[in-house]
Amino acid sequence: DGGITQSPKYLFRKEGQNVTLSCEQNLNHDAMYWYRQDPGQGLRLIYYSQIVNDFQKGDIAEGYSVSREKKESFPLTVTSAQKNPTAFYLCASSMRDTRYSNQPQHFGDGTRLSIL
Amino acid sequence: AQKITQTQPGMFVQEKEAVTLDCTYDTSDQSYGLFWYKQPSSGEMIFLIYQGSYDEQNATEGRYSLNFQKARKSANLVISASQLGDSAMYFCAMREWGYGNKLVFGAGTILRVKS
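Going line by line, the protein sequences match chains X and D.
According to my numbering, the first sequence holds residues 19 to 134 in order.
According to my numbering, the second sequence holds residues 338 to 452 in order.
Given below as C-alpha cells:
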C-alpha cells in the first residue's frame, strides 16, 4: 500500500549529539514537509520541500537541517544546536500541482524524540 | 499572516449525540482551503474533510460535515452520531496557496465521547 514511513518510532538523543529522523514516501508526491508537535499543542512547520534538491525553512527551522536528494526521501537532522528537541515529529507529503488543491497532506505515524 | 483559532481546548459529548468543534480563521487571501484532521492517542494524523473557499455547498463526508460561514470566517466541524472511537484530538488547518502549499494548524480540540 502507498504511504509514508517514518523511522524510528522512538529516538533518544544524548547531549551534544546530532540525530537523523527518516521519512520515506511511495505516493509519488513532489512536496514533503516536517512538523514538530509539543504536548497538547498544534503542529508547527520546520522545513518543507517542493522538488528534489530544493527546500525552504518553515516557522521553526533553527537547530534543524534537511536534505532532499531523492523524491521519495526527506530526512530531518536534529542538531546539537536545538536545545529543546523533545517533541513528536511528523512528516507529510502532498501533490504540488494546484489542480489538486483539494488534496490533503498525508502524514506518517511520527517519531517521538527524547533527551537522555 | 494566516491564523487558525480553535477556542475549545476540550469537549465532551454523549455517545450517539452530535457535536460541533469550532474553528475560525484569518486570511487576506480570496482563495484558500480548510482541512480538518483527527489525531488519536497513537499520534497519526487522519484527514477528515476539506472545504474550498469557492465551494458553494458545505462539505460532507459520512458522519462529518463542515458548517462553513465565509463572511464570519468560520469552518466548524460537525460530527453526527458520536462514537467512542471519535475520542481524539481534532485540528483545523488552512492551506496557504502559492509556493509550498503549506498548512497552518490551530491548537486543536480534545474530544471525549462518553458512553
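Note that CB positions come from ideal geometry on N, CA and C, so glycine has one too.
> For a contact meaning CB atoms closer than 7 Å, what does Gly370 of chain D contact in chain X?
Replying inline: Looking up residue 370 of chain D in the second sequence gives position 33. The answer, in chain order, is Ser119 and Asn120.
>> Counting only Cβ pairs nearer than 8 Å, list the residues of chain D close to Arg114 of chain X.
In response: As a position in the first sequence, residue 114 of chain X is number 96, starting the count at 1. Per Cβ cutoff of 8 Å: Asn438.
> Are there three or more Cβ pairs, one per stretch, closer than 8 Å when the region 121–132 of chain X is compared with the region 41–57 of chain X?
Replying inline: yes
> Of the residues that make up the region 62–75 of chain X, which ones have a beta carbon closer than 7 Å to any beta carbon in chain D?
Replying inline: Leu63, Tyr66, Gln68 and Gln74
> Where does the unbroken beta strand (DSSP E) through Arg432 of chain D begin, and where does it stop?
Replying inline: For this step, residue 432 of chain D is matched to residue 95 along the second sequence. In the DSSP assignment, Arg432 of chain D falls within the unbroken beta strand (DSSP E) covering Ala425 to Arg432.
>> Nearest by alpha-carbon distance to Phe30 of chain X: which of X:Ala105, X:Ser119, X:Tyr53 and X:Gly60 is it?
In response: Indexing the first sequence from 1 puts residue 30 of chain X at position 12. Answer by Cα proximity: X:Ala105.
> So Arg449 of chain D and Ser411 of chain D are in contact, right, with Cβ under 8 Å, and what is the actual spacing, rounded?
Replying inline: For the purposes of this step, residue 449 of chain D is taken as residue 112 along the second sequence, with counting starting at 1. For the purposes of this step, residue 411 of chain D is taken as residue 74 along the second sequence, with counting starting at 1. Not really, about 23 Å apart at Cβ, beyond 8 Å.
> At which residues does the beta strand (DSSP E) containing Asn404 of chain D begin and terminate?
Replying inline: By 1-based counting over the second sequence, the position of residue 404 of chain D is 67. Tyr401 to Gln406 is the span of the beta strand (DSSP E), which, as asked, contains Asn404 of chain D.
> Under the three-state reduction of DSSP, which class applies to Gly347 of chain D: helix, strand or coil?
Replying inline: Residue mapping note: residue 347 of chain D aligns to position 10 of the second sequence, counting from 1. Looking at Gly347 of chain D - three-state DSSP - the assignment turns out to be strand.
> Whose CA, out of X:Ile22, X:Tyr28 and X:Met113, lies closest to the CA of Leu134 of chain X?
Replying inline: For the purposes of this step, residue 134 of chain X is taken as residue 116 along the first sequence, with counting starting at 1. Looking at the Cα atoms, X:Tyr28 is the closest of the given residues.
> Looking only at its own chain, which residues have a Cβ that is under 6 Å from the Cβ of Gly347 of chain D, when we skip the five neighbours before and after it?
Replying inline: Numbered from 1 along the second sequence, position 10 holds the residue referred to as residue 347 of chain D. Excluding residues within five positions, the ones whose Cβ falls inside 6 Å are Ile447.
> Looking at C-alpha atoms only, which residue of X:Ser112, X:Arg130 and X:Tyr65 is the closest neighbour of Gly20 of chain X?
Replying inline: The residue given as residue 20 of chain X occupies position 2 in the first sequence. Nearest C-alpha to Gly20 of chain X: X:Ser112.
>> If we define contact as Cβ-Cβ less than 9 Å, is Leu39 of chain X a contact residue for chain D?
In response: Within the first sequence, the letter at position 21 stands for residue 39 of chain X. Cβ-Cβ to chain D under 9 Å: no for Leu39 of chain X.
> Taking any Cβ of chain X, which residues in the region 387–401 of chain D have a Cβ under 7 Å from it, in chain order?
Replying inline: Tyr387 and Gly389
>> Any beta carbon of chain X sitting closer than 9 Å to that of Ser379 of chain D?
In response: What you label residue 379 of chain D is simply residue 42 of the second sequence in a count that begins at 1. Yes, Ser379 of chain D lies at the interface with chain X (some Cβ there is under 9 Å from its Cβ).
> Hey, quick one: how far does the beta strand (DSSP E) through Gln388 of chain D stretch, first residue to last?
Replying inline: Residue 388 of chain D sits at position 51 when you count from the first residue of the second sequence. Residues Ile383 to Gly389.
> Closest to Ser91 of chain X by CA distance: which of X:Gly58, X:Pro57 and X:Val70 is it?
Replying inline: Taking the first residue of the first sequence as 1, we reach residue 91 of chain X at position 73. Closest option to Ser91 of chain X, Cα to Cα, is X:Val70.
> Quick one: what's got a C-beta closer than 8 Å to Thr38 of chain X's C-beta in the same chain, skipping five residues either side?
Replying inline: Position 20 of the first sequence, counted from the start, is the residue given in the question as residue 38 of chain X. These residues qualify, in order along the chain: Pro93, Leu94, Thr95 and Val96.
> Which ranges does the beta strand (DSSP E) cover as unbroken runs of at least 3 residues, wholly within the region 30–93 of chain X, from first to last along the chain?
Replying inline: 37–43, 49–55, 61–69, 72–75 and 82–84
> Can you tell which of D:Lys353, D:Asn395 and D:Gly389 has its C-alpha closest to the C-alpha of Lys451 of chain D?
Replying inline: On the second sequence, residue 451 of chain D is found 114 positions in, with the first residue counted as 1. Taking only the C-alpha atoms, the option nearest Lys451 of chain D is D:Lys353.
> Listing by chain order, which chain X residues have their CB less than 9 Å from the CB of Ala444 of chain D?
Replying inline: On the second sequence, residue 444 of chain D is found 107 positions in, with the first residue counted as 1. Within chain X, the residues near Ala444 of chain D are Gly58, Gln59 and Gly60.
>> I'd like the span of the beta strand (DSSP E) that includes Thr361 of chain D, first residue to last.
In response: Translated into positions along the second sequence, residue 361 of chain D becomes position 24. Here the beta strand (DSSP E) through Thr361 of chain D covers Thr361 to Asp363.
>> Quick check on Leu421 of chain D: buried or exposed, where buried means 16 or more other Cβ atoms within 10 Å of its Cβ?
In response: Here residue 421 of chain D corresponds to residue number 84 of the second sequence, with the count starting at 1. By the neighbour-count rule (16 or more Cβ atoms within 10 Å), Leu421 of chain D is not buried but exposed.
> Measuring from the CB of Gln406 of chain D, is there a heavy atom of the ligand FAD at a distance below 8 Å?
Replying inline: In the structure on display, the ligand FAD does not appear, and there are no ligands present to speak of.
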